[in-house]
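The sequence shown: position 204 = 204 (full-length UniProt numbering), numbered continuously.
Every residue, glycine too, gets a C-beta built ideally from N, C-alpha and C.
Keep in mind the model is a prediction, meaning the values are calculated, not measured.
Please read the structure below before turning to the comments.
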Amino acid sequence: MREESPQESRLRLVLIGGGLPWPVTQYEVYDGKRFVARLDLAYPERRVGIEYDGDHHRSAGVILGCPNSTRGEVRVTTTQVVAPWRQFTVDVAGVTILSPSFIRITFTGPELHRFADNGYDQRFKLIFPVPEHGYAYLKDGPDWYEQWRALPTEQRNPFRTYTARAVRPHLGEVDVDLVLHGDAGPASRWAVGATKGDRIVLLGPDAGFDGDHGGIEFRPPASGVSRSVLLAGDETAVPAICSILERLPAHTRGEAILEVPHAGDRLAVTAPPGVVVTWGARDGDGHGSRLIPAVVEAAGRLLPTRHRQMRDDAELSDIDIDDSILWEVPEAAPADSLYAWLAGEAGVIKTLRRHLVAERGMDRTAVAFMGYWRLGRAEG
Ligand SMILES: Cc1cc2nc3c(=O)[nH]c(=O)nc-3n(C[C@H](O)[C@H](O)[C@H](O)COP(=O)(O)OP(=O)(O)OC[C@H]3O[C@@H](n4cnc5c(N)ncnc54)[C@H](O)[C@@H]3O)c2cc1C
1 MREESPQESR
11 LRLVLIGGGL
21 PWPVTQYEVY
31 DGKRFVARLD
41 LAYPERRVGI
51 EYDGDHHRSA
61 GVILGCPNST
71 RGEVRVTTTQ
81 VVAPWRQFTV
91 DVAGVTILSP
101 SFIRITFTGP
111 ELHRFADNGY
121 DQRFKLIFPV
131 PEHGYAYLKD
141 GPDWYEQWRA
151 LPTEQRNPFR
161 TYTARAVRPH
171 LGEVDVDLVL
181 HGDAGPASRW
191 AVGATKGDRI
201 VLLGPDAGFD
211 GDHGGIEFRP
221 PASGVSRSVL
231 LAGDETAVPA
241 ICSILERLPA
251 HTRGEAILEV
261 PHAGDRLAVT
271 APPGVVVTWG
281 ARDGDGHGSR
291 LIPAVVEAAG
301 RLLPTRHRQM
311 RDDAELSDID
321 IDDSILWEVP
331 EAAPADSLYA
341 WLAGEAGVIK
351 TLRRHLVAER
361 GMDRTAVAFM
371 GYWRLGRAEG
């Protein structure tokens with residue numbers, strides 16, 4: 001966790017509940033009338049641990065004067081702690097129609113130079129305005145979600161998950177490729193009407209934070225190992241797969257299979273020469289109608305023979321995809337095997353999980369399965 005430059009300030013100390021017997025171990029600090037900190041004293045060192053207002057700040061300080069007095073002064077060194085994720089208030093800079101089903105929205109904003117450019121399948125949230133109220137009820141800061149949950153439903157800003165298709169911190173821009181699927185949900189509804197200048201809030205990774213932001217599920221074996229990958233998904237996973245393909249090392253081999261609604265939804269993509277990219281258009285057929293057979297065939301080509309029969313130990317717990325999220329992502333994939341990443345409609349991904357793990361005997365620690373959305377159910 002990165003900390004920004006320390007700042008020193010003096011705060012007036014007022015002991016709440018004066019007259020308590022010594023040792024007093026807890027003080028509350030007010031800056032004027034506002035509560036700003038709670039001090040836990042570790043007498044006799046006269047050091048204080050300070051819990052600041054909210055947890056934006058980490059602080060350390062020393063008590064000046066007598067710690068058991070009810071009034072005094074505290075010298076406090078405050079360093080702002082950078083959280084992994086933050087809200088970005090942005091404007092729509094442009095809307096580009098990519099194909100019958102995809103539009104690309106480019107966001108711009110003065111803070112976007114801090115949006116971390118992590119690549120691969122980095123996800124983030126789009127937080128949509130509430131009709132008539134906009135963002136009047138949305139709180140910023142690390143406890144925004146708790147505050148959001150405490151609101152009545154009609155005041156909660158809906159949010160949905162998307163992939164950062166491109167990040168240009170030097171220009172203060174982020175692109176997202178959205179699938180248009182009518183006005184059934186807040187994301188698609190907003191996207192259909194999005195125009196230049198529209199204001200929206202993103203919740204994304206903060207480049208000022210120097211740890212792992214989270215939100216990247218493409219975790220192949222460590223570099224240096226000869227890589228073989230299988231990437232597969234429907235239109236909601238197209239942005240992630242395209243973004244992963246662009247960042248793969250040039251020596252990577254394997255296949256990428258993408259199912260889209262229409263033939264015209266095949267997008268331009270840059271991939272290593274050893275990765276075969278195949279698009280399948282449903283053209284009115286059901287979800288998975290192109291993806292499932294194509295992945296079954298690819299698995300036959302990519303998996304070594306020893307994997308091609310059902311393994312006795314390939315026990316697979318059933319997942320109720322109408323009640324829970326299908327999200328199985330291994331932390332560390334084995335170095336010597338095919339690494340697979342599959343995302344899309346949960347029912348389709350569940351079918352592919354059963355095929356790869358139970359029928360083909362593929363090692364579960366070598367496959368990331370993600371139900372990005374569920375037919376007939378809203379996210380959240
Ligand atoms: C990690 C992650 C990354 C994602 N990245 C992207 C991305 O880059 N681009 C993208 O377009 N989507 C992406 N998605 C999928 C997106 O979050 C969902 O499609 C989301 O449900 C859309 O929200 P909504 O408000 O439009 O619909 P919701 O309110 O969630 O759902 C309303 C109805 O629409 C249906 N529905 C939802 N999505 C679709 C769809 N794509 N096609 C047809 N019906 C649908 C639901 O089944 C439901 O019946 C991603 C999801 C995850 C988890």
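DSSP places Tyr339 inside the beta strand (DSSP E), whose first and last residues are Tyr339 to Glu345.
The distance from the Cβ of Phe128 to that of Ile200 is about 7 Å, consistent with a contact at the 8 Å cut-off.
A distance criterion of 8 Å places the beta-carbon of Arg227 beyond contact range of ligand 1, judged by its closest non-hydrogen atom. If you draw a straight line from the Cα of Pro110 to the Cα of Val90, it comes to about 8 Å. Using a Cβ distance threshold of 9 Å, Pro272 and Ala250 count as a contacting pair.
For Leu303 against Met362, the beta-carbon gap comes to about 6 Å, under 8 Å, which counts as contact.
A check of alpha carbon separations from Pro131 across Trp190, Pro239, His262 and Ala240 identifies Trp190 as the nearest. The DSSP assignment places 199-205, 228-233 and 253-260 as complete runs of the beta strand (DSSP E) inside the region 189-263, in order along the chain (cut-off: 3 residues). In this structure, the CA atom of Gly185 is about 19 Å from the CA atom of Pro239.
Rounded to the nearest whole angstrom, the C-alpha separation of Asp183 and Val192 is 8 Å. Nearest Cα to Gly286 within the set Asp234, Thr252, Val276 and Leu180: Asp234. For Ala358, there is no enclosing alpha helix (DSSP H), as DSSP marks it with neither H nor E. In this chain, Gln122 is not harboured by any alpha helix (DSSP H), its DSSP state being neither H nor E.
Around the beta carbon of Gly204, a 10 Å sphere encloses 16 or more other beta carbons of the protein chains shown; the residue is thus reported as buried. Secondary structure at Leu138: coil, using DSSP grouped into helix, strand and coil. Just measuring C-alpha positions, the residue of Pro84, Glu345 and Met370 sitting nearest Asp212 is Pro84. Residue side-chain check: Pro249 keeps its Cβ at 8 Å or more from all non-hydrogen atoms of ligand 1.
With 16 or more other CB atoms across the displayed protein chains lying within 10 angstroms of its CB, Gln87 is buried.
Its chain contains His355 as the residues whose beta carbon lies nearer than 7 Å to that of Val296, once the 5 sequence neighbours on both sides are disregarded; these appear in chain order. Taking the Cα of Val348 as reference, the smallest distance to any Cα among Ala332, Gly172 and Phe369 is reached at Phe369. The count of Cβ pairs closer than 8 Å, one atom from the region 117-126 and one from the region 157-165, reaches three, so the stretches are in contact. The alpha-carbon separation between Thr108 and Ala194 amounts to approximately 14 Å. For Leu326, no alpha helix (DSSP H) segment is defined, and its DSSP state is neither H nor E. Of the residues assessed, Ala332 falls on the exposed side of the cut-off, its CB having fewer than 16 other CB atoms within 10 angstroms. For Leu338, the closest of Leu352, Arg301 and Asp323 by C-alpha to C-alpha distance is Arg301. For Glu154, the three-state secondary structure derived from DSSP is helix. In this chain, the beta strand (DSSP E) harbouring Val179 covers Glu173 to Val179. Under DSSP, the beta-bridge partners assigned to Phe369 are Glu328 and Leu342.
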